[in-house]
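In my numbering, the protein residues as written are 3 to 597.
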């Protein structure tokens, strides 16, 4: 009897310790979203990853061109180095320092095959424990540097498993112009699933759940496990595993619950739900001393909450829609996991068009989605504005986060992003015309994107400068470039010179961007060019008000175009008048001659 009692006590002690371990493992993680097929608002697929880097530090961008070579070890007891040659150019989101000449470690990548890659760690015991094992970044790099289409990408990811290379199990995401896939894999096995429309996922297994001993033993028999049950005080609900949820009390409109066998109390009202340890508990109804509750794995509910938001925009989801999704905090997602959690969360949204994806695939990047403005980088770009490659933009986003908090800058950023998306769509239409004429739009899109990157960075500098002086930050961006320049003009007698110089740099960047378009489309009228040079000159001389107004008239193309159209119409009218007068004169002469 005493022996049995000791065994029971020991067993309960072990379960209690394990439950405490489960509660303590509540760290930030990667969040991945696929929007494909009919779910998007146009002829493109979307992939978003909010990166919680396992290699902490400033999140930066890098471009790896075709032909780049490097040496890296193969997994094995005796590691052997092999030379790799990059055959597919790619843009990577990496931690500062994980760029050449060091080994590139992309947590997010977009290749010139029009394929986006991302991952989310899914820890389990099925890993290669050797020092020569590969991490998730090696896995991504191995596929994106070579794959020419989605199927090749998946096959290369499978090869990593077949080499028993993974040092940690992963959920891998592949999104191209035609298809999208999720692959779960560890050092021994993998599972691949095609995504037709929507998918959200984070750091947990689904298809490979049964091989994750801790999750299956402690939490639930499967990811999809769910119970809806009538309970009383003292009831314990389990999902086929050791841990569960205990009902501590039932009141008129709420219940008190805790994770069993050890956890904190949580009060849940009718119609509401809360995370309780690794579980989601929802109170459906109360009848006397009984309550109807639903229990599932909390990340199953997290997926449901995100998918509900995505389904609400089904068929209309675009880059801006995902930017808003990326800024959801923990309270907007049931208290389970926010899309935004830390300081070094580099976020990228990849837009992959069905056609011309080798030029027009675009990565929208934010060093931190809540405290920075998303900036575009097209896959054909030959360079990136330096603050986004050396870490300055990431450091600036941390300053903004500390000054304004997690949501203090979001509305400001969204105003700018709406204009950027509009401008990029116009630029892509110009680029399509160039491609169809056999021209390469790479230089055009490089300069175009860099101007937007500069405008975003300067806007953030402007906000930090004013907040650092303890002043209110005026809204400087309107609905488009024209109204933005009018706002600049209205502030030219209000702000000090230091602030106006930043606005002057933004105004000049806007003008250069519009000049880029004119150079390609061939609409350079003399009057426009005079306004461009006048605006640059005035701003450089410190006459900001006149400079902003000149820039406004320069980009207000309709006014100038109408002037030219009116001039042309006027000339045509005078020709008609002249011809009419000549005819009347001749008729008069004939009439007089007959007389």
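Every residue, glycine too, gets a C-beta built ideally from N, C-alpha and C. For clarity, every value in this text was computed on a predicted model and none was experimentally measured.
Residue 245 and residue 160 have their alpha carbons spaced roughly 34 angstroms apart.
By the Cβ test, the stretch 353-373 is in contact with the stretch 37-54, since at least three Cβ pairs between them sit closer than 8 angstroms.
In terms of Cβ geometry, residue 93 and residue 365 form a close pair [threshold 7 angstroms]. When 330, 271 and 300 are compared, the shortest CA-CA separation from residue 312 is found for 330. Per DSSP, residue 32 lies in no alpha helix (DSSP H) and is assigned neither H nor E.
Excluding its 5 nearest sequence neighbours in each direction, residue 81 has C-beta neighbours in its own chain below 6 angstroms: 75 and 134, listed in chain order. For residue 142, the three-state secondary structure derived from DSSP is helix.
Within a 10 Å sphere around the beta-carbon of residue 409 sit fewer than 16 other beta-carbons, which makes this residue exposed.
Residue 523 sits exposed, since fewer than 16 C-beta atoms from the chains shown fall within 10 Å of its C-beta.
C-alpha of residue 163 to C-alpha of residue 136: approximately 10 angstroms in a straight line.
Spanning the alpha carbons of residue 150 and residue 370 requires a straight line of approximately 30 angstroms. A straight line joining the alpha-carbon of residue 462 with that of residue 405 spans about 12 angstroms. Sorting 555, 318, 428 and 327 by C-alpha distance to the C-alpha of residue 308 places 327 at the top. Annotation: the stretch 318-373 contains the following complete segments of the alpha helix (DSSP H) (minimum length 4 residues), in chain order: 321-328 and 359-362.
Boundaries of the beta strand (DSSP E) around residue 121: 118-123. Per the C-alpha coordinates, the member of 552, 528 and 122 positioned closest to residue 539 is 552.
Remark: C-beta atoms of residue 178 and residue 117 approach each other more closely than 7 angstroms. For residue 104, no alpha helix (DSSP H) segment is defined, and its DSSP state is neither H nor E. Fully contained in the stretch 205-291 are the following alpha helix (DSSP H) runs of length 4 or more, in chain order: 215-220.
Here residue 476 has 493 as same chain residues with Cβ atoms under 7 angstroms from its own Cβ, once five neighbours each way along the sequence are excluded. Residue 556 counts as buried, since at least 16 other C-beta atoms from the protein chains shown sit within 10 angstroms of its C-beta. Residue 412 is bridged by DSSP to nothing; it lacks a bridge partner.
Contact between the stretch 99-107 and the stretch 57-69 is present: three or more C-beta pairs spanning the two stretches fall below 8 angstroms. In the DSSP assignment, residue 500 falls within the unbroken alpha helix (DSSP H) covering 499-523. The three-state reading of DSSP puts residue 198 in coil, since its state is none of H, G, I, E or B. Residue 168 has its alpha-carbon roughly 42 angstroms from the corresponding atom of residue 421. Between the alpha carbons of residue 53 and residue 325 lies a gap of roughly 14 angstroms.
Counting C-beta pairs closer than 8 angstroms gives three or more between the stretch 443-457 and the stretch 497-517, which meets the contact rule. 323 is the residue among 558, 323, 229 and 472 whose C-alpha sits nearest the C-alpha of residue 35. Counting the other Cβ atoms within 10 Å of the Cβ of residue 220 gives 16 or more, which makes it buried.
By the C-beta density criterion, residue 399 is buried, having at least 16 other C-beta atoms within 10 angstroms.
Judged by DSSP in its simplified three-state form, residue 379 adopts strand.
For the pair residue 123 and residue 223, the Cα-to-Cα distance works out to about 20 angstroms. In this structure, residue 183 places its C-beta atom within 7 angstroms of the C-beta atom of residue 194.
Listed in chain order, the non-local C-beta contacts of residue 502 below 7 angstroms within the same chain comprise 494 and 546, local neighbours out to five positions each way being set aside. Less than 7 angstroms divides the Cβ of residue 350 from the Cβ of residue 367.
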